[in-house]
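J.: The structure follows.
Shown next as structure tokens:
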């Protein structure tokens, strides 16, 4: 499954949001960690909507 995410950096923090999933936002100290956190957030939201 492919989901588009918006990713940006503010100061030393990486931020991410998935517009297709309301409330799916997260942040991390590194880009790699942010990708992991976004994947976890998407899966968690998908499971809660089943």
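In this note's numbering, the protein residues as written are 5 to 54.
Note that CB positions come from ideal geometry on N, CA and C, so glycine has one too.
This one's a predicted model, so the numbers in the text were calculated from it and none came from an experiment.
(1) Based on DSSP bridge pairs, tell me the residues matched to residue 10.
(2) Under DSSP, the alpha helix (DSSP H) around residue 34 begins and ends at which residues?
(3) For a test of the three-state rule: what should DSSP assign to residue 41, helix, strand or coil?
T.: Judging by the given coordinates:
(1) For residue 10, which the question treats as bridged, DSSP gives the partners 21.
(2) Counting along the chain, residue 34 falls outside any alpha helix (DSSP H), and DSSP gives it neither H nor E.
(3) Helix.
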